[in-house]
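Numbering (my numbering), first residue to last: 10 to 556.
Positions of the beta carbon are idealized from the N, C-alpha and C atoms, including for glycine.
First comes the structure, then the notes that go with it.
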Amino acid sequence: MSSDIRRADEAINELEINRDLSQYIVHCDADAFYAAVEELDHPELKEVPMAVGVGVLTTCNYHARKFGCRSGMAGFVAMKLCPHLVCLPLNFEKYTAVAQKVREVFAEYDPNFQSASLDEAYLNITEYCNQYQRDPVEAVQQMRAEIHLRSKITVSAGIAANAKLAKICSNKNKPNGQFHLANDRGAIMSFMRGMPTRKVNGIGRVFERELDAIGVKTCGDIYAYRGYLSKLFGEKAFQFLMTCYLGIGRTDIRPAEESERKSVGTESTFRDMNDKTELRTKLRHIAEELEKDMKRTQFKGRTLVLKIKLHTYEVFTRQIAPPTAVHKADDLYKYSLPMLAKLEKEIPGLTLRLMGLRCTNLISMKKDGIDFFGMTKSIISRPAIQKEFSNNDDEWEVWPEDEFEEAARQERQDEMNEIEALSQAEADAQNDDTPHRYAHGKEVLPNPVPSGQQEATDIEEENTWSCPICSRPQSANDKAFNEHIDLCLSRQTIEEAVKASSTQESTPSSVRRESSLLEKSIPKKRGRPTKSDSADTGHAQKKLFFS
DNA sequence: GCGGATCAC
DNA sequence: TATGGTGATCCGC
């Protein structure tokens, strides 16, 4: 046991030796971005509870939050919390346009800034500050003012020595504020000491609970348990937790690249369905949706994954490797159908609420021009986004030799078979109103609720509020009430509710793993013990080697 | 490599 | 009345 502690201390030493305090990393996070953008078009909504989303809320403005409405919340729950809530449909064209204005400002401070999503980005402003002899805090202040000037939206920012810390800091003074954590080891250590584990990007609800179960509530608590963590949660999680305790994170900020895509998939939820013909129709439809995405992203997949969710919310996946890489609906359907049929055999009375298809082991079909013989020439994992400032042009992904050969062979074969089809697809794409990258859930075009709705009901008049999920009275206190809703929405509650309400035949044990029962008294090895260092990158992990 | 599970947005 | 979709990663087997 003391050897475990010694090993942990060595790991800490190793990390400590390479601690980098020389960089100024900024995490920028727009405030209620989608809602804020909508407010630009609908100024009258500024003082009214407003949320944006389809089915599930994507963002809520501050008025909506006062009622407990939050992103990630089902629309019907939010409407119960706040009956005069105005819900707007998503409009990604609008959001991207505004995001683009913001990105223009980012680029002036760090041409290599990394977008983590539409409304989040990491910047390394070290060079900027050196070049212009600027104080990081003032520089960020000015950048945020500039963003507001040009885009009319507000962003919050965190400034710190690395991405992990900056991400936490950007939430400190939200909205429309910033927080600076000095590049000082002592300041960082004490900052992390009291930091609840959940605040760290990569530690979710589950891991938080598991850590809590052994007595770790804050990142500072991690140290005392350093001798146990590897055995409990695995080596990766151990390393990650050490970086949390130390407040260490990556400092290399580079633009994310399309080339790092590893899968393309689509899935959809529907009313409970057990009719075999209907299920096949649904599968066929999903295959066609996926074909569109494969065409848009220009990939084929050598592996096809079928995902289903039962009416009990249990999720299963099955995958196969078709004889050739697939991307067309006919093939996607043809090869996924046997998987569905097998599941129907394994799980009698199969009743689904979700079906999805995903391609992995991708082969890029991006055209890099026309080769000598007039054949379309495919390339492997070409970085798709030519950022004007990108200095990473030489960083093409390299495949192992034999894989490359196989892929090339595969492609030649497919091209012989499908060259006509492909040029047809190309022609289609030209006339196509190419669906937006985020344009999903298009079948549901909900409820722009008229703004002049009647006043709030008597929700707030009593000193208890009724939980919209469990209907039990809760204390009329924002924080406590929200926490209760979190609990109520947890999967445990869902499963209990489903079990209690449906006297369903249990899933045969042949396909159900013991661990699918969510109750567990002893923490087990974690399914996903957080990416070692890229949990806060928002894109594929780039391993950091300390040299 | 497969299937389950977790996490971010 | 009725809980989303996309993508990534890690673990045990």
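Cβ neighbour criterion (16 or more within 10 Å) applied to residue i
| i | result |
| --- | --- |
| D38 | buried |
| Y131 | buried |
| Q151 | exposed |
| V4 | Missing from the structure shown is residue 4; the chain here goes from 10 to 556 and no further. |
| A557 | Outside the modelled stretch of the chain, which goes from 10 to 556, sits residue 557, for which no answer is possible. |
| L299 | buried |
| N133 | buried |
| Y33 | buried |
| T260 | buried |
| A154 | exposed |
| I156 | buried |
| R235 | buried |
| Y137 | buried |
| N192 | buried |
| V324 | exposed |
| Q142 | exposed |
| T252 | buried |
| G211 | buried |
| F85 | exposed |
| A246 | buried |
Beta-carbon gap between residue i and residue j smaller than 7 Å
| i | j | result |
| --- | --- | --- |
| L366 | I317 | no |
| S160 | V209 | no |
| L250 | I223 | no |
| A169 | L190 | yes |
| A265 | Q123 | yes |
| V61 | A83 | no |
| E129 | L97 | no |
| K309 | H336 | yes |
| L94 | P58 | yes |
| T286 | H320 | no |
| N121 | R263 | yes |
| M348 | R327 | yes |
| A172 | G258 | yes |
| N182 | D40 | no |
| E217 | T227 | no |
| L315 | S345 | yes |
| L313 | P332 | no |
| K301 | M364 | no |
| E297 | A338 | yes |
| R305 | N370 | no |
| Y342 | R293 | yes |
Residue i, DSSP secondary structure in three states
| i | result |
| --- | --- |
| P205 | strand |
| T333 | coil |
| S277 | strand |
| H259 | The sequence shown places Arg at residue 259, not His. In the structure shown, R259 sits in coil (DSSP, three-state: anything other than H, G, I, E or B). |
| N426 | Residue placement at N426 is poorly supported in this model, since its pLDDT is 44, which falls under 50; the coordinates still yield a value, given next. N426: helix per DSSP, three-state reduction. |
| R235 | helix |
| S373 | strand |
| T306 | helix |
| R311 | strand |
| V57 | coil |
| T226 | Inspection of the sequence shows that residue 226 is occupied by Lys rather than by Thr. The answer is coil: DSSP assigns K226 none of H, G, I, E or B. |
| I177 | helix |
| S80 | coil |
| L250 | helix |
| A170 | coil |
| L359 | coil |
| R327 | strand |
| L366 | strand |
| K318 | strand |
| G243 | coil |
| H189 | strand |
| G195 | helix |
| T163 | coil |
| L66 | strand |
| L349 | helix |
Report the start-end ranges of each alpha helix (DSSP H) in the segment 99-161 that is 4 residues or longer and not cut off at the edges.
For the segment 99-161, whole alpha helix (DSSP H) runs of length 4 or above, ordered along the chain, are 101-118, 135-141, 145-160.
Entirely enclosed alpha helix (DSSP H) segments - the segment 12-51, minimum 4 residues:
Correct list: 42-50.
contact_flag[the segment 160-170, the segment 57-72] where n(CB pairs < 8 Å) is 3 or more:
With a cut-off of 8 Å, the segment 57-72 and the segment 160-170 do not count as touching, because too few Cβ pairs lie within range.
Should the segment 190-205 be regarded as contacting the segment 170-179, the criterion being three or more beta carbon pairs within less than 8 Å?
The segment 190-205 is in contact with the segment 170-179.
Within the chosen definition, does the segment 72-91 reach the segment 26-34 through at least 3 CB pairs nearer than 8 Å?
Judged by Cβ distances under 8 Å, the segment 72-91 makes no contact with the segment 26-34, as fewer than three pairs qualify.
Is the segment 142-150 touching the segment 272-281 in the sense that three or more CB pairs, one from each, lie closer than 8 Å?
They do not touch, by the three-pair rule.
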